[in-house]
Amino acid sequence: EPMEASSPFSPLLLPFFRLLLLCPFVEVLVDRYHVPKVCPREVQNEDFIRFHFNGTLFTDGTKFDSSHDRGRDFISQVGLGKLIAGMDRGIQGMCVNERRRITVPPHLGYGSVGTGGVIPPDAVLVYDILLLDVWNTEDKVEIRTISKPAGCNRAAVASDFLRYHYNGTLLNGDAFDSSHSKNATYDTYLGQGHIIQGMDEGLLGMCIGERRIIIIPPFLAYGENGYGDLVPPQATLVFEVLLVDMFNPKDDMKIEVKEVPKGCTRRTVVGDYIRYHYNGTFQDGTAFDSSYKRNSTYNTYIGKGYVIQGIDKALQGLCMGEKRRVTVPPHMAYGEKGVGDLIPGSAVLVFDIHVIDFHNPEDPVKIKVTHKSQDCGETSEANDLIQYRYNCSLMDGTLLYSSDHYDSPSTTTLGRNNVIYGLEEGLSGMCVGEKREVIVPPHLGHGEAGAVGVPSSAVLFFELELMDLQKGVPEGFMFMWLGDSPDPLFPAMDLNGNQEVPLEEFSSFIMNQVKEGKGRLRPGVDANAVIQEMFSNQDSNGDGKIIGDELKQTDEASEKRKRDEL
1 EPMEASSPFS
11 PLLLPFFRLL
21 LLCPFVEVLV
31 DRYHVPKVCP
41 REVQNEDFIR
51 FHFNGTLFTD
61 GTKFDSSHDR
71 GRDFISQVGL
81 GKLIAGMDRG
91 IQGMCVNERR
101 RITVPPHLGY
111 GSVGTGGVIP
121 PDAVLVYDIL
131 LLDVWNTEDK
141 VEIRTISKPA
151 GCNRAAVASD
161 FLRYHYNGTL
171 LNGDAFDSSH
181 SKNATYDTYL
191 GQGHIIQGMD
201 EGLLGMCIGE
211 RRIIIIPPFL
221 AYGENGYGDL
231 VPPQATLVFE
241 VLLVDMFNPK
251 DDMKIEVKEV
261 PKGCTRRTVV
271 GDYIRYHYNG
281 TFQDGTAFDS
291 SYKRNSTYNT
301 YIGKGYVIQG
311 IDKALQGLCM
321 GEKRRVTVPP
331 HMAYGEKGVG
341 DLIPGSAVLV
351 FDIHVIDFHN
361 PEDPVKIKVT
371 HKSQDCGETS
381 EANDLIQYRY
391 NCSLMDGTLL
401 YSSDHYDSPS
411 TTTLGRNNVI
421 YGLEEGLSGM
431 CVGEKREVIV
441 PPHLGHGEAG
451 AVGVPSSAVL
461 FFELELMDLQ
471 KGVPEGFMFM
481 WLGDSPDPLF
491 PAMDLNGNQE
501 VPLEEFSSFI
511 MNQVKEGKGR
521 LRPGVDANAV
531 IQEMFSNQDS
541 NGDGKIIGDE
551 LKQTDEASEK
561 RKRDEL
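First residue of the sequence shown? That's 1 in the UniProt record's numbering, and the numbers climb one at a time after it.
Below, the structure written as structure tokens:
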């Protein structure tokens, strides 16, 4: 960067300089041989400047001084006699990064005396200068807004904690530091003296997502001492800042309700178990986690400390289907430590929450009758064979199963553990044609394990309609009397009185009892097959007929079993 000592001026100016040799200098000669395209500020009287220079004699190009040789730039003030008069004049109007060749006549330099053998008397001096910095004691922090979000709900104030990225350069553009190179934000309290004064001022009023250029004069930065090898003494600093995050230690978590379903009759309380989806972002919109990406809700108990404090609090008072945005300050989230590479220390977290369902471990099955005929007769109970239509959904309306997906309604025998307990309860006590809406909590449904197509700990919503009802018999029975059985029984069975009852006669007797409403066969099974099995159980010797002694032996065996069981 130093000027070539062997060529102190352009060959095109040789005739002009020959003329100058004959005619003594009167004024300073300024050659602005490199001027930057953008010059926001020009040097004026009383400004301080920081610059590099090479000083040579005009006559033979002998170098007499150089800031480059000294290994440090030169700092001075303009227009107050701290520089030789020729330099004071020649630097006027100069821009940062401008290069000038300033030729100073003796009377504006060191005159007829010179400087003790370094500069001879009546010497014309040539200074090749690169201006690095300019500032004034009247300067203030300069702020230039590059971009600012349209919706700025909060501006930084003293005592706020800020997380921001920055690129730091000197006024001439030389970079000295960057948070991006460290792959981490710079985090600090504002207005507490933890950072240089100019930065404390320049960050005031910033919004999250805002970009600023902050120009800080040396006396509001690192001043005369500089900062190690990074920042030279008396350097103006330029910071390009992006505010990523901020909070105040007094902040509470913030809730913004986005959507509440109509007809909300119940809200979450401490002790409830909730299933919800969420998107987690930082305040600048950067995503850090999402339940949707895992295709699974986040499930937890409320108010038990299983989630961060801010979310534990925000999950209270919610309706099923409600959507909320929750902003959680770090002291109610993961604090100064953060979570590994996922969440940086002191990060404010924003959660967009959608409640899928919730329940309490003490919840019963909830039944709502939506239609029931006035002439409701017999109602369903244990051991009955029923036929019913159903839709099974999650509480957010997601359809899981439907009997309409099959050729015929579903059939089951109540009380045989053929369906989940909550559905069993919902199907009990119905009459044919009745319709119900039934809410089944997971501990009465598929529990934490879930089932095929049913998520873990899901609350289920059933729409039910009873299509058919066949009254049943107790488990293990094939036939039951609806009143007292004939006594004695065998003569009643022996329809022709010949003291023996073949299968055909036994079948006729049983079917007559059913027809007359005195007895009931097990529903859902072929009647002939049931009667055949009943007959075989009575025909102990297998000769194809039942006699009185066989019936008596069967009755005695049955009574003995009852006594043994007792």
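Idealized CB from N, CA, C, for every residue including glycine.
If you draw a straight line from the C-alpha of residue i to the C-alpha of residue j, how long is it?
i, j, result
"residue 186", "residue 163", "6 Å"
"residue 404", "residue 271", "37 Å"
"residue 373", "residue 431", "8 Å"
"residue 547", "residue 513", "20 Å"
"residue 124", "residue 230", "37 Å"
"residue 238", "residue 297", "47 Å"
"residue 420", "residue 527", "29 Å"
"residue 12", "residue 92", "Reliability fails at residue 12, whose pLDDT of 41 lies under 50, so the model's placement of it is uncertain and the value that follows must be treated cautiously. Roughly 25 Å between the two C-alpha positions."
"residue 158", "residue 235", "26 Å"
"residue 366", "residue 481", "35 Å"
"residue 445", "residue 439", "10 Å"
"residue 498", "residue 518", "24 Å"
"residue 90", "residue 30", "6 Å"
"residue 550", "residue 384", "31 Å"
"residue 136", "residue 86", "21 Å"
"residue 382", "residue 435", "19 Å"
"residue 316", "residue 530", "57 Å"
"residue 127", "residue 219", "28 Å"
"residue 77", "residue 68", "19 Å"
"residue 332", "residue 153", "21 Å"
Within 10 angstroms of its Cβ, does residue i collect 16 or more other Cβ (buried), or is it exposed?
i, result
"residue 477", "exposed"
"residue 174", "exposed"
"residue 180", "exposed"
"residue 488", "exposed"
"residue 263", "exposed"
"residue 541", "exposed"
"residue 484", "exposed"
"residue 424", "buried"
"residue 388", "buried"
"residue 299", "buried"
"residue 54", "buried"
"residue 224", "exposed"
"residue 348", "buried"
"residue 408", "exposed"
In chain order, what residues of the same chain lie with their CB nearer than 6 Å to the CB of residue i, ignoring the 5 residues before and after it?
i, result
"residue 84", "109"
"residue 216", "141, 198 and 237"
"residue 209", "149 and 284"
"residue 147", "211"
"residue 172", "96, 97 and 132"
"residue 240", "167 and 213"
Taking residue i as the reference, give the member of the options with the closest Cα.
i, options, result
"residue 524", "503, 468 and 544", "468"
"residue 362", "450, 406, 441 and 56", "441"
"residue 457", "451, 464, 466 and 447", "447"
"residue 200", "209, 210, 208 and 188", "188"
"residue 33", "359, 102, 26 and 72", "102"
"residue 322", "62, 507, 265 and 204", "265"
"residue 227", "539, 168, 254 and 492", "168"
"residue 252", "53, 426, 330 and 379", "330"
"residue 178", "138, 242 and 290", "242"
"residue 289", "351, 240 and 274", "351"
"residue 343", "100, 280, 248 and 407", "280"
"residue 275", "349, 345 and 396", "396"
"residue 392", "333, 206, 357 and 462", "462"
"residue 63", "27, 82 and 117", "117"
Could you tell me if the beta carbon of residue i falls within a distance shorter than 8 Å of some heavy atom in the ligand NAP?
i, result
"residue 448", "With respect to small molecules bound, the structure shown includes none, and the ligand NAP cannot be examined in it."
Can you give me the Cβ contacts of residue i inside the same chain, cut-off strictly under 8 Å, excluding the 5 residues immediately before and after it?
i, result
"residue 509", "492, 493, 495 and 501"
"residue 454", "400, 445, 446 and 460"
I'd like the list of long-range same chain contacts for residue i, defined as Cβ closer than 7 Å, with 5 residues on each side in sequence excluded.
i, result
"residue 51", "73, 74, 129, 130, 131 and 132"
"residue 258", "323, 324 and 325"
Legend entry - Secondary structure, beta strand (DSSP E): runs of 3+ residues fully inside the stretch 95-125: Within the stretch 95-125, the complete beta strand (DSSP E) segments of 3 residues or longer fall at 99-104, listed in chain order.
Which complete beta strand (DSSP E) runs does the stretch 249-323 hold, if anything under 3 residues is left out? For the stretch 249-323, whole beta strand (DSSP E) runs of length 3 or above, ordered along the chain, are 254-259, 273-282, 287-290 and 298-301.
### Whole beta strand (DSSP E) elements within the stretch 457-515, 3-residue minimum
Taken in chain order, the complete beta strand (DSSP E) segments of 3 residues or longer contained in the stretch 457-515 are 460-470 and 479-481.
- [ ] Within the stretch 354-428, note down every full beta strand (DSSP E) run reaching 3 residues or more, in order along the chain.
- [x] Taken in chain order, the unbroken stretches of beta strand (DSSP E) that lie wholly in the stretch 354-428 and span 3 residues or more are 366-371, 385-394, 399-402 and 410-413.
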